[in-house]
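Working notes, structure below.
In this note's numbering, the protein residues as written are 394 to 760.
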């Protein structure tokens, strides 16, 4: 019996070493998921669409915004529009998939191609077209990867947090409304910190034309304030102005919103680099819920009647991901793989919660 017991003990030790090494290979201790509602791959990869701008405004070339973001090449245009994203994140710290011209595609698996189905697919790892059929504020009955990671890491309600511009995120991000901090839409953020309190108050003093969507500035700054105070290990930031300005056909304001978002990225990164809880051990995924059309007639729209809106993009900034710049000649990846990829960066198998979810994106973890 003794040799058998020794053999069993040795096997257990080997298994423990294997699993500890599996988790130890990743530096990531925190993850941040950021979504930019309905941002087209065209603007991300080629910057200002001069042809579209001119078609929408006969005096486009005389406008200061056109001059600000115009340039002879697509690389130069995108770097003008999002200088930090391209010159710092993508060159030095991360990579991006979804440039169709380089034979890199990212697609939704849901066939509805609008916001709630897209966000649910990102967060749960699975399309539920038969259940999630509209953007109505109905509680998501499918648990999200945020809930999964909260349980795995045994985090309290402040250590997992979601901040979003659209009020429907109160229902989208979790099947349990009491699980963790969620602040979305025109919602007060209650905190004894006077700076946070003042910021929360200002959102109501500067309304947008959209009753259900506040300015991204408040969403971002409240999220950052929460990070500084509570140090959440799981953070979700959902920005939305880009979609709303597109729906009212204000291409100029879409560009302005994207440029401001680039400033938010820099502010977030500057904070991460100065905070011991985050520096060198934080992975960020940036993506979108859906794309948009590619013509003058449908650039502002999306949905099942705009099939090209299925084309999306996803960027990865992480100490554990070696790829840099744009992905080229890669197999198509899907929106339903993001949840499992986020979980794997922290050393967990998302299939434990949802075995039907998309699998982790292989290229992300190649050495």
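By construction, the Cβ of each residue, glycine as well, lies at the ideal position given by its N, Cα and C atoms.
By how many angstroms is the C-alpha of residue j removed from the C-alpha of residue i?
i	j	result
residue 684	residue 428	12 angstroms
residue 564	residue 555	11 angstroms
residue 747	residue 517	8 angstroms
residue 465	residue 730	36 angstroms
residue 740	residue 711	14 angstroms
residue 622	residue 585	11 angstroms
residue 453	residue 610	27 angstroms
residue 414	residue 619	Confidence at residue 414 is low in this model, with a pLDDT of 43, below 50, so its placement is unreliable and no value can be given for it.
residue 714	residue 630	21 angstroms
residue 752	residue 733	6 angstroms
residue 570	residue 530	13 angstroms
residue 528	residue 666	37 angstroms
residue 431	residue 525	18 angstroms
residue 726	residue 587	44 angstroms
residue 416	residue 606	Residue confidence is low: residue 416 scores 49 on pLDDT, short of 50, so the model does not pin down where it sits. Its coordinate-derived value is still stated next. Near 39 angstroms, if we compare the C-alpha coordinates of residue 606 and residue 416.
residue 508	residue 689	21 angstroms
residue 497	residue 583	43 angstroms
residue 706	residue 670	29 angstroms
residue 487	residue 522	32 angstroms
residue 459	residue 536	43 angstroms
residue 462	residue 598	30 angstroms
residue 756	residue 723	9 angstroms
residue 701	residue 434	11 angstroms
residue 538	residue 737	11 angstroms
residue 550	residue 698	40 angstroms
residue 493	residue 420	31 angstroms
residue 425	residue 708	12 angstroms
residue 744	residue 750	7 angstroms
residue 603	residue 759	43 angstroms
residue 572	residue 626	15 angstroms
residue 754	residue 728	10 angstroms
residue 668	residue 628	15 angstroms
residue 519	residue 703	15 angstroms
residue 578	residue 547	27 angstroms
residue 655	residue 534	33 angstroms
residue 541	residue 455	51 angstroms
Per DSSP, residue i forms a beta bridge with which residues?
i	result
residue 541	Partner(s): none; residue 541 has no beta bridge.
residue 710	487, 677
residue 723	The partner list for residue 723 (beta bridge, DSSP) is empty, contrary to what the question assumes.
residue 705	499
residue 554	574, 628
residue 718	488
Please report the residue range of the alpha helix (DSSP H) in which residue i lies.
i	result
residue 515	508 to 517
residue 737	731 to 738
residue 655	644 to 667
residue 444	443 to 449
residue 434	434 to 439
residue 461	457 to 462
Could you tell me the boundaries of the beta strand (DSSP E) in which residue i lies?
i	result
residue 425	423 to 429
Is residue i near the ligand COA, going by C-beta to nearest heavy atom under 6 angstroms?
i	result
residue 653	By its list of ligands, the structure shown contains no ligand whatsoever, and the ligand COA lies outside what it can speak to.
Original post:
Should the region 464 to 474 be called in touch with the region 674 to 684, which here means at least 3 C-beta pairs below 8 angstroms?
Top reply: Pairwise C-beta distances place the region 464 to 474 out of contact with the region 674 to 684, as fewer than three of them are shorter than 8 angstroms.
**OP:** Please determine if the region 445 to 465 and the region 711 to 724 are in contact, where contact requires at least 3 C-beta pairs separated by less than 8 angstroms.
**Re:** With the rule of 3 Cβ pairs closer than 8 angstroms, the region 445 to 465 does not count as touching the region 711 to 724.
Subject >> Segment contact, 8 angstroms Cβ cut-off, at least three pairs: the region 653 to 669 with the region 470 to 490 >> reply: Contact holds between the region 653 to 669 and the region 470 to 490, because three or more Cβ pairs, one in each stretch, are under 8 angstroms apart.
Original post:
At what residue ranges does the region 465 to 491 contain a whole run of the beta strand (DSSP E), taking only runs of 3 or more?
Top reply: As far as the region 465 to 491 is concerned, its whole beta strand (DSSP E) runs of at least 3 residues are 487 to 490.
**OP:** Can you check the region 556 to 642 for any alpha helix (DSSP H) of at least 4 residues that lies completely inside it and give the ranges in chain order?
**Re:** Secondary structure remark: continuous alpha helix (DSSP H) runs of at least 4 residues inside the region 556 to 642, in chain order: 562 to 565, 587 to 598, 609 to 623, 634 to 640.
Original post:
Does the region 614 to 624 come close enough to the region 592 to 605 that 3 or more CB-CB pairs lie under 8 angstroms?
Top reply: Output reads yes: the region 614 to 624 touches the region 592 to 605.
Original post:
Taking contact to mean at least 3 C-beta pairs separated by less than 8 angstroms, is the region 431 to 448 in contact with the region 648 to 655?
Top reply: Cβ pair count under 8 angstroms is three or more, so yes.
Subject >> Three-pair Cβ contact test at 8 angstroms for the region 545 to 554 versus the region 493 to 502 >> reply: No: fewer than three Cβ pairs fall under 8 angstroms.
Subject >> Stretch pair the region 565 to 581 + the region 637 to 645: three plus CB contacts closer than 8 angstroms >> reply: Taking a contact to require three or more Cβ pairs closer than 8 angstroms, the region 565 to 581 and the region 637 to 645 do not qualify as touching.
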